[in-house]
Amino acid sequence: MPIQYYIFLSLALFCIGIAGVLTRRNAIIIFMSIELMLNAVNLLLVAFSKMHHAVATAVEKVNNAGTDGQIFVFFVMVVAAAEVSVGLAIIVMMYRNAHSVDVNFLNRLKN
Amino acid sequence: MNAIQILFWFLSALALVSALMVLLSKNPVHSVLWLVGVFFAISGHYILLNAQFIAIVNLIVYAGAIMVLFLFVIMLMNLNKDTEPQKNIWMKLAGAISAGCFLMILVSLIRQAPELQAKTAMMKEGSIGLISNLGKALFSTYVVPFEISSILFLSAMVGAVVIGKKD
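Respectively, the protein sequence lines represent chains A and B.
Note that our numbering has the first sequence beginning at 1, numbered continuously upward.
Note that our numbering has the second sequence beginning at 112, numbered continuously upward.
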């Protein structure tokens with residue numbers, strides 16, 4: 001498939017994630033939108049690694065060009081898992097203190 | 112239109128519809144289930160790109176572990192009802208319009224980029240996504256980041272326990 005299709009799909013998913021962060025007020029939905037944006041970037045990285053591999057295979061027969069992109073996706077998933085565990089603990093703490101997960105209640109710095 | 116193209120369009124439509132339903136559904140449990148649908152569609156894309164290791168890791172880590180954690184927190188806080196009274200429609204509209212403008216700018220930019228014309232991603236062949244190649248790279252070139260990520264997990268674990276502790 002042309003690489004532009006993958007770029008458009010990833011951009012659409014990323015912008016849906018941005019719209020979710022901007023419009024929703026439930027902290028858990030905002031967090032899930034961030035996960036959606038991370039997945040859009042992962043899909044784009046894998047597509048680009050296969051594009052790079054296709055270009056390098058045309059030059060020489062046996063190679064492993066493009067491995068770095070997939071390793072990078074692996075590390076993005078690792079960091080996302082660690083981020084989710086800490087972020088959900090923070091949301092649980094916020095619910096325990098404010099009895100709500102509405103982010104509009106978090107305006108204590110304003111006044 | 113061959114089978115790969117049909118699968119590509121089907122998985123893309125599934126991912127986009129599920130991602131929109133994550134935002135539009137009022138119940139947070141439904142949002143989590145739609146997000147699991149997005150992850151399955153993206154894993155299908157990885158399999159189409161012959162990135163088998165990433166596809167399986169995506170299913171196990173995201174759909175299997177992270178989404179269960181989300182569901183667990185939602186049910187722990189008893190949020191599975193239609194809450195979130197929407198008062199301000201203008202904020203919603205402004206968010207949607209700004210995300211749409213961002214999407215339009217990036218799409219028009221990509222359409223004009225001369226480096227990306229006539230480039231294709233290799234489908235269903237190429238062996239870089241197999242676990243033998245990725246395992247060799249992970250344990251030789253990238254062994255130091257791999258070990259550092261274990262320390263990251265340990266610190267995240269300690270941090271989650273410390274934050275969640277009732278004092």
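Ideal placement from N, C-alpha and C gives every residue a C-beta, glycine not left out.
If you're wondering where the values come from, they're calculated on a predicted model, not measured in any experiment.
As the crow flies, the alpha-carbon of V78/A is around 12 Å from that of I165/B. In the three-state DSSP reduction, N26/A falls in the strand class (E or B). Counting only Cβ-Cβ distances below 7 Å, K50/A has contacts in chain B at L160, A232, M233 and G237, in chain order. Chain B has no Cβ within less than 9 Å of the Cβ of I34/A. Going by C-alpha positions, Q70/A is about 7 Å away from S49/A. Less than 9 Å divides the Cβ of Y5/A from the Cβ of F119/B. Taking CB atoms only, E83/A has a neighbour in chain B less than 9 Å away. Around the C-beta of M233/B, 16 or more other C-beta atoms lie within 10 Å, and the residue is accordingly described as buried.
The shortest C-alpha to C-alpha distance from V103/A to any of V21/A, A47/A, L45/A and I16/A is the one to V21/A.
For R96/A, the enclosing alpha helix (DSSP H) starts and ends at T67 to A98.
Within chain A, no C-beta atom comes less than 9 Å from the C-beta of H141/B; the nearest is roughly 11 Å away.
T231/B has P2/A as its beta-bridge partners, per DSSP. Contact annotation for M93/A against chain B: I274 and G275 [CB-CB distance below 8 Å, chain order]. One finds nothing in chain A with a Cβ atom closer than 9 Å to the Cβ of S219/B; even the nearest lies about 11 Å away. The count of Cβ pairs closer than 8 Å, one atom from the stretch 243–257 of chain B and one from the stretch 21–31 of chain A, stays below three, leaving the stretches out of contact.
With fewer than three CB-CB distances shorter than 8 Å, the stretch 27–42 of chain A does not count as touching the stretch 55–70 of chain A. At least one beta carbon of chain A lies nearer than 9 Å to the beta carbon of M202/B. Cβ neighbours of F181/B within its own chain (closer than 6 Å, five residues either side excluded): V143.
For the stretch 237–266 of chain B, the set of residues with a beta-carbon nearer than 7 Å to any beta-carbon of chain A comprises G237, I239, G240, N244, L245, A248, L249, Y253, P256, S260, L263 and F264, in chain order.
Contact annotation: I200/B and H53/A have beta-carbon atoms that are not nearer than 9 Å.
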